[in-house]
Structure formats: structure tokens, C-alpha cells
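**Q**
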DNA sequence: CAGGATCCAGTGCGATACTG
DNA sequence: CAGTATCGCACTGGATCCTG
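Residue numbers (the numbering used here), protein chains in the order written: chain A, 1 to 107; chain B, 1 to 107.
#1: Are the C-beta of residue 19(A) and some C-beta of chain B separated by less than 8 Å?
#2: Tell me whether the stretch 65-84 of chain B and the stretch 33-43 of chain B touch, counting them as touching only if at least three CB pairs, one residue from each stretch, are closer than 8 Å.
#3: Could you please give me the residues that DSSP links to residue 20(A) through a beta bridge?
#4: Measuring straight from C-alpha to C-alpha, what distance separates residue 66(B) and residue 59(B)?
#5: Please confirm whether residue 19(B) and residue 100(A) have their CB atoms less than 8 Å apart.
#6: Provide the residue(s) that pair with residue 70(B) in DSSP beta bridges, ordered along the chain.
#7: Along chain B, in chain order, which residues have C-beta atoms closer than 9 Å to that of residue 15(A)?
#8: Mind checking residue 75(B): buried by the 16 CB within 10 Å criterion, or exposed?
#9: Give the residues from the stretch 61-89 of chain B that approach chain A closer than 8 Å (Cβ to any Cβ), ordered along the chain.
#10: Leaving aside the five residues before and after residue 90(B) along the sequence, list all residues of the same chain whose C-beta is less than 6 Å from its C-beta, in chain order.
#11: 8 Å is my cut-off, CB to CB: does residue 35(B) come that close to chain A?
#12: Taking a contact to mean a Cβ-Cβ separation below 8 Å, would you say residue 35(B) touches residue 93(B) in this structure?
#13: Given this structure, state the Cα-to-Cα distance separating residue 14(B) from residue 21(B), to the nearest angstrom.
#14: Would you identify the three-state DSSP class for residue 40(B), choosing helix, strand or coil?
#15: Any heavy atom of the ligand HEM within a distance shorter than 7 Å of the CB on residue 95(A)?
#16: Distance, Cα to Cα, residue 45(B) vs residue 49(A)?
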């Protein structure tokens, strides 16, 4: 296991870098905060983040799934319905980014 | 005041993003960890991070100074001697990245 | 509606050479 | 020794189009 830098497939050993890597992405914090309030569908993210492109959102959702932070539930219906939610590991992430927020307030 | 995204000069309002932005950079965690053990000169960073280019190191040191995380002491001698150290704000950052590390260990 | 494919711009950072 | 300038490449993410 372990986290890998995407594309290059180079391994990250430092735990701090692994954690940082997982939350680094233009819309990841927004995604996590929104999921912390409740499960969401892609269109919800699009609605609440009109600045974000669909490409970036799906890309980052995919990475978060790979990293075990969130999970997908695909209802296999048509039109498509897929719901995202935090995994237990993702829920452990919330207090971590809250610590970040506390520090950020002092900047 | 406040943190700005470099180059674009767009303002970041979210405190979590501000904090994240400040520690995002390929060698910033390494720099901070090293400064936490004691003040350093540029050549020390180069020695302990042989993979890092001088360009990246000086660039990121500069950003950390701008963000008030570290400070320079320039001895104005020749050959040059400049020592970097954590500011009080930088010291507050240490426990924050330790929380990140704790989380990263579980990945 | 979810999300892949393609094209393109911005930017981070490595390598190297240079200056005071 | 600290720091800058230039070149070049790789990656992120925006815009748009396409499909089941």
C-alpha cells in the first residue's frame, strides 16, 4: 500500500507529505467540507462550486476515492445516479483540516 | 493583509486554503522540519536535500518569508552568510504539520 | 446525469550558468 | 556563499464535446 504521486508513480514515504498530497487539489477541500455536511452527487458539487470545471471535479473525486478518503455508491440507473460520501478514514481527515483552518485564521 | 495566490495575485479567503497554500511546495515541509531542529543556511538545505534545485529552495524560502513563517538574518559579509529561522508564527505551524503527519501514518 | 477524451494555458520546478 | 536569469519539461486544471 501507500500513496503514490499520480502519473509518475513515484512513492511518497514521508507521512506528512502523504497527508498533504491527499488534500492538495484545487477543489478537494471544498469537496471534503461538503461531504462532511452530507453525501452528495456530482451535480451538487457543480452547483455549489460554479467556478469548478466538471473535469477537475471528477478527477479529484477519483483521486480521493483511490486514496480511500471518500467512496462512491453507483445506483446503476439511467439517467446515472452516483452518490459520494466520506469513508471512516475520510472522517478522520476532518479534524485534521480543521486544525489547518485554525492556523489559517491567524494568517 | 492576507495570503495571495502567487503570480495571479488572487486573494484566498478560506483559512484552510490559506494554511494549505503556505505549506504547499515541494521542499517546504523539509525546510520547516529542518528549521524546527535549528536555524540553517542555504547550503545546509542543499546538503540535506541534494535532490532539490537551488532555484526551488530559494524560491520557497522567499515565499515562507513573505508569509511570515520564517525570517532571514543577513550578516552582510563576503562571502555571503544568511541564516534562516522560524518566526513565532512558524513555530505555531509545527504542531499543525505534526497533526498532518499523524494522519499520514495511517495512509 | 456521470464522466471520459481532447486540446490548451498557466505554473512549479529542475538544470545550468552567472553575479556580487 | 547567497541569490538570480534563462531554458525547458511535466503536471494541474479549464473549456468543450461526446457517450451510455
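A virtual CB, placed ideally from N, CA and C, is assigned to each residue, including glycine.
**A** For this structure:
#1: yes
#2: Verdict: yes, contact present.
#3: Beta-bridge pairing links residue 20(A) to no other residue.
#4: Computed Cα separation, rounded: 11 Å.
#5: yes
#6: 86(B).
#7: 100, 101, 102, 103, 104, 105, 106 and 107
#8: exposed
#9: 67, 68 and 89
#10: 69 and 70
#11: no
#12: no
#13: 10 Å
#14: strand
#15: What this structure holds is no ligand at all, so the ligand HEM is not there to describe.
#16: 39 Å
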